[in-house]
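All residue numbers for the sequence shown refer to UniProt numbering, where the first residue is 1 and numbers rise by one.
This report refers to the structure that appears directly beneath it.
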Amino acid sequence: MSLDTTTLLAILAMAVVTYITRIAGLFVADRLVLTGRAKAAFDAIPPAVLVSVIAPTALTTGWPEAIAAAITAVAAFRLPLLGTVAVGVACVVVLRNLI
């Protein structure tokens, strides 16, 4: 197997740009003063990301996963991210054993 230099450079460039984008978010987010609707939008990002990760699993697997995904989506609006993940995992384990 051989690796073309252009391909390797393209992969490395994409990795660097991705890393810079993630790190820039940390620096920029600290400087923003958010109030009102903007603060509400930023607070809604973690649950939205979690639901977007869970949705494909909920739609392509059985009933236990779909029910657990719905419970997790509701929990995401009330609990912190770690608590939401714990609720989701617990629901899947319990529902898989019951159904």
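Note that CB positions come from ideal geometry on N, CA and C, so glycine has one too.
Remember, predicted model here, so these are calculated numbers, not experimental data.
Between P47 and F77, the gap from beta carbon to beta carbon is short of 9 Å. For A73, the CB contacts under 6 Å within the same chain, skipping 5 residues up- and downstream, are V51 in chain order. Note on G83: under 16 other CB atoms within 10 angstroms of its CB, so exposed under the neighbour-count rule. For F42, the closest of I99, G25, V53, I11 by C-alpha to C-alpha distance is G25.
Within 10 angstroms of the beta-carbon of G88 lie 16 or more other beta-carbons, which makes it buried.
Residue ranges of uninterrupted alpha helix (DSSP H) with 4 or more members, entirely inside the region 10-80 and ordered along the chain, are 36-43, 45-60, 63-76. Within the model, the alpha-carbon separation for I54 versus A69 is close to 6 Å. Beyond the five residues adjoining it in sequence on each side, A75 comes within less than 8 Å, by CB distance, of G83, T84, V87, G88 in the same chain, given in chain order.
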